[in-house]
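First comes the structure, then the notes that go with it.
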Amino acid sequence: MAVALDLLEILAVFLLAVEAIKLDNLSKLTNRLLVPTLDIINPKITFVEKIAYKGIFDRYWFEISLFSFYLLGLLISCFSMTYIGVDVLDWLRNTSGLSWLWIIPCVIFVPFIVGFLPYQGVVFAFQISVKGLYLVEKHTSTGVVGIMGFSLYLLQFIGRRLLAS
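If you're matching positions, the sequence shown starts at 233 in the working numbering and goes up one per residue.
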């Protein structure tokens with residue numbers, strides 16, 4: 233609950249500080265940093281018949297991305313198993329042959345899913361940030377952002393007092 237109130241306080245202070253930040257600077261942050269970064273980490277895919285590749289990464293970027301997701305997922309899976317105290321190698325040695333029928337697909341597919349989740353989290357955070365900053369830019373001139381910032385700050389203040397009592 234305290235973390236939620238801290239996040240609410242950060243959001244409220246940001247909304248109250250928008251006037252001091254100036255809309256031009258906020259627009260520069262959005263259009264020059266966040267949107268280009270989002271375009272890099274989540275590019276638009278266009279299919280063409282023939283393309284001239286500039287380098288090895290251009291030619292095999294999809295395979296390299298899949299391999300990096302798989303490797304990241306494998307590392308996260310291994311570290312999480314070690315963290316909770318599961319000895320994977322000992323467990324695999326003591327399983328029957330029939331159990332291997334479902335272990336093999338799990339070893340192939342689960343790391344892709346686990347490795348793709350952090351990437352999706354980063355893309356989602358950037359998308360929400362860009363949409364939120366556009367919303368703030370749109371409604372700052374009407375005064376709604378300042379009122380909303382004060383309301384959120386008041387809400388977190390009341391929440392902290394209720395938590396303390």
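No residue lacks a Cβ here, since even glycine has one placed at the ideal position from N, Cα and C. This one's a predicted model, so the numbers in the text were calculated from it and none came from an experiment.
Annotation: I277 is outside any alpha helix (DSSP H) and is labelled neither H nor E by DSSP. In the DSSP assignment, L248 falls within the unbroken alpha helix (DSSP H) covering 234–253.
Contact check between the region 322–329 and the region 359–372: fewer than three CB pairs, one atom from each, fall below 8 Å, which does not count as touching.
DSSP places V346 inside the alpha helix (DSSP H), whose first and last residues are 332–371. Remark: fewer than three beta-carbon pairs, one from each stretch, lie closer than 8 Å, so the region 373–380 and the region 280–298 are not flagged as touching. Classified as buried, F301 has 16 or more neighbouring CB atoms from the shown chains inside 10 Å of its CB. The C-beta of P268 has fewer than 16 other C-beta atoms within 10 Å across all chains shown, which makes the residue exposed.
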